[in-house]
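My numbering applies: residue 253 is where the sequence shown begins, and numbers increase by one.
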Amino acid sequence: MVLRSLAPSLLVLGCAKQPDAAEPRTEVAPAGEAAAKTETEAAATPETKAKTTPEPSPVPSEPPAHPRLEIPARPDLAVVVLEAGIVALGPDGKSVGMLLPGEASWCRVDPRGGVLWARRSGDLSMLDLEGGGPPVTVLEDPPETIVIAYADEELGRPAPHEFQDGVAVHMVDPPRLEAIQGCDGDMVYYCLDDDVEDFEAALAEQLGARAEALAEQPVPLEALAPIVARSEGRRAALADPGRAPAPSSVTVPADACEEAPEDCGSAEVLPGTRYWRVLVGNSRGDFYHEDFQLFDPASKEFFDPTRPTERSAAPRSGEVFEPRWISPSGELALGYDSLVSFEHGVIASGLMGVCGFWGGGFEP
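Right, dumping it as structure tokens:
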């Protein structure tokens, strides 16, 4: 399901919670479980030899260097949140390594900078996936919406009617932080009190206050500047390889489109894949809603990749899988809580969050 204002805007897939597959191929165990068990058993083993007073260890003159991540950088690695922390999953759904231990409420892979951004313990952190080193705190207590803004490319900026306030981390020379604001269309009623008369003045006052507070936050220039330099000449977004034929209208029941019947059946390529996504319904509540389903133009059938063998000429009923990221190969997709293969179904389910694919990929 998609939310948008009455003004034309980029359509994105909605945020309905996805159903778990009946029989997932692989259950993901939290990374480090086996190691934790081994340590517990070792701790429970009684000492068999009396200890002598140990010699004190020499105090190092410098702290030990953080080791480089020992994870093979494969483009189709899925970076996801489990209870133990942020891990990388292979195409078989098995963990290939822990990236950041502990709770994470938001994360995003940034293939242009070669880093992972994450909100951990309330703060925005950055982990250098290519150069190694410990995570760096970029901003304390950031707002809900976080945008990574390069000079000619932005990652994660929603349409103005889809968020209230946020922060943009400008990866330029020198790096800087900027308070940003959405509150467009119907969203303005969620940003301001009902008794406000001058919306524009009130929004400007809000933004000014947030900008002043943000200006007091230090920016870790020494950590961000090398990432900015590394990003020169790179792009996070991949060009669509043209795996799908050019889209055309698909016949669907027009009565499902209450607000704009003429839009029903319109199709667009699901980027990076052989498939289309087709508009199968629209309506209006507090916001304008649009429903999309995946369509295979080769077989002319609708399908849900969590149940790839169940296909039909008509749109499916009930909730369906909504991809958030498509892998660079176009074979895998991350939903809100699952990793799926378009051909084979669910690979991993019950994820606590998704950050994207190591090699970037495509955003519907």
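Virtual Cβ for every residue (Gly too), placed ideally from N, Cα, C.
Same chain, Cβ closer than 6 Å to Y219, five either side skipped, listed in chain order: Nothing can be reported for residue 219, as the shown portion of the chain is limited to 253 through 616.
Minimum C-alpha distance to V361 - residue among R568, V440 and V339: Checked all of R568, V440 and V339; the closest Cα to V361 is V339.
Runs of 3 residues minimum, wholly inside the region 569–615: which ones carry the beta strand (DSSP E) assignment? 584–586, 590–593, 597–601 and 605–609
Using the Cα positions of H596 and R559, report the straight-line distance between them to the nearest angstrom. 8 Å
Which word fits G613, buried or exposed, when buried means at least 16 other C-beta atoms lie within 10 angstroms of its C-beta? With 16 or more other Cβ atoms within 10 Å, it is buried.
Closest by C-alpha distance to E553, when choosing among S579, G517 and D538: The candidate whose alpha carbon is nearest that of E553 is G517.
Can you name the residues that DSSP bridges to Q458? Bridge partners of Q458: none, in fact.
Check whether the Cβ atoms of V333 and G342 lie closer than 9 Å to each other. no
Got a sec? Which residues, its chain only, sit under 6 Å from V424 by beta carbon, not counting five neighbours each side? Listed in chain order, the non-local C-beta contacts of V424 below 6 Å within the same chain comprise A403, local neighbours out to five positions each way being set aside.
In or out: E574 buried (at least 16 other Cβ within 10 Å) or exposed? buried
Pair within 9 Å by beta-carbon distance, G605 and C359: yes
Tell me whether R372 sits in a helix, a strand or coil according to DSSP, three-state version. strand
Run the CB neighbour count on T503, radius 10 Å, all protein chains shown included, and call it buried at 16 or more, exposed below. By the 10 Å Cβ count, T503 comes out exposed.
Going by CA-CA distance only, name the one from P386, G385, E615 and L376 that's closest to T397. L376
How do the region 434–448 and the region 410–422 stand: do at least 3 beta-carbon pairs fall below 8 Å, yes or no? yes
If you follow the beta strand (DSSP E) that A431 is part of, which residue opens it and which one closes it? R428 to Q433
Does the contact criterion of 3 or more C-beta pairs under 8 Å hold for the region 482–500 versus the region 445–464? no
Nearest CA to the CA of P505: which residue from D556, E452, A566 and P470? A566
Alpha-carbon spacing of I479 relative to D515, whole angstroms: The straight-line gap from Cα to Cα measures roughly 43 Å.
Out of T389, S357 and A336, which has the shortest C-alpha to C-alpha gap to P470? T389
What distance in whole Å lies between the Cβ atoms of D328 and F609, which are believed to be in contact at a cut-off of 8 Å? About 6 Å separates the beta carbon of F609 from that of D328, a gap short enough to meet the 8 Å contact definition.
State yes or no: is the C-beta of I578 within less than 9 Å of the C-beta of P493? no
Is the distance from the Cβ of G366 to the Cβ of R487 below 9 Å? no
Between the Cα of E484 and those of G611, R326 and P363, spot the shortest distance and give me the residue it belongs to. P363
Tell me whether the beta-carbon of L656 lies closer than 9 Å to the beta-carbon of L391. Here the chain comprises residues numbered 253 to 616, so residue 656 is not present and cannot be evaluated.
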